[in-house]
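Below you'll find the structure, written out as C-alpha cells, and then a few comments.
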Amino acid sequence: MIDVMLVLLIIFMIVTPLVAAGFQATLPVAANTFDSKEEDDEIILGMDVTGSYFLDGLPVAKDQIEARLQALYANRETDKLIYFKAHSGLKYAQVQEAVEMARRSGARVLVAIMDKRGGPAGEEEQ
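Under the working numbering, think of the first position of the sequence shown as 1438, with each following residue one higher.
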C-alpha cells in the first residue's frame, strides 16, 4: 500500500509544475516598457511557438477563442482589457489574427507582455 502511495506522490510532484506553468513563449524584447501588475481577474491571451492559443494559461482551440472571450466580456461594463503574450518567433500575420479576434470579441485595450531590454525605460542601448 505504501508503494502505491509513494508512486502517486512522485507522479503528482512531476505533473503539478507542468500543469501550473501554462505555456512557454519567448517574449519579444522592448526598450520602452513599464512594469504593470496583472490582477487575478485579468484575461491573458497567449500564443506559443507553434501558434497554439492559450486563454489564462489553458489551451483553447482557435475556433473557440472568440466565443470564450465574448462570454468573459459579457459581464464587464468598463474593464475590457486583455493581456496578450505571444512567442517572438511567430509571424506577424499570426499575431495580428489573434489581436483581431480579441477586438471582435469585445476587448477595447490590449496590453502586450514583453521582456524588458537591459537598462531603464527610455534609455537607448549602444
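Cβ atoms here follow ideal geometry from the backbone N, Cα and C, with glycine treated the same way. What you are looking at is a predicted structure, and each value in this text was computed from that prediction instead of being measured.
Review point. Is residue 1450 buried or exposed, if buried means 16 or more other CB atoms sit within 10 Å of its CB?
Key: With fewer than 16 Cβ atoms within 10 Å of its Cβ, residue 1450 is classed as exposed.
Point to revise | Segment contact, 8 Å Cβ cut-off, at least three pairs: the region 1496–1511 with the region 1523–1530 | key: They do not touch, by the three-pair rule.
Check your understanding: Is residue 1482 near residue 1519, with beta carbons less than 8 Å apart?
Key -> Yes, Cβ-Cβ distance for residue 1482 and residue 1519 is below 8 Å.
Review point. What are the residues that DSSP puts in a beta bridge with residue 1483?
Key: Note: residue 1483 sits in a beta bridge opposite 1491, 1522.
Check your understanding: Are there 16 or more other CB atoms within 10 angstroms of the CB of residue 1406, so buried, or fewer, so exposed?
Key -> Residue 1406 is absent from the model: the chain starts at 1438 and stops at 1563.
Point to revise | Range covered by the alpha helix (DSSP H) that runs through residue 1549 | key: Taken as a continuous stretch (DSSP letters only), residue 1549 belongs to no alpha helix (DSSP H), being part of the beta strand (DSSP E) at 1546–1549.
Exercise for review: If I'm right that residue 1503 touches residue 1540 with Cβ under 8 Å, what's the distance once you round it to whole angstroms?
Suggested key: The pair is not a contact, with the Cβ atoms about 10 Å apart (cut-off 8 Å).
Review point. Where do the ends of the alpha helix (DSSP H) carrying residue 1505 lie?
Key: First-last of the alpha helix (DSSP H) with residue 1505: 1502–1511.
**Study point:** Start-to-end residues for the alpha helix (DSSP H) that takes in residue 1530
**Key:** For residue 1530, the uninterrupted alpha helix (DSSP H) run begins and ends at 1529–1542, by DSSP.
Practice item. Go through its chain and collect everything with a Cβ distance to residue 1505's Cβ below 7 Å, but skip five positions before and after it. Key: Cβ neighbours of residue 1505 beyond the five flanking positions: 1492, 1497.
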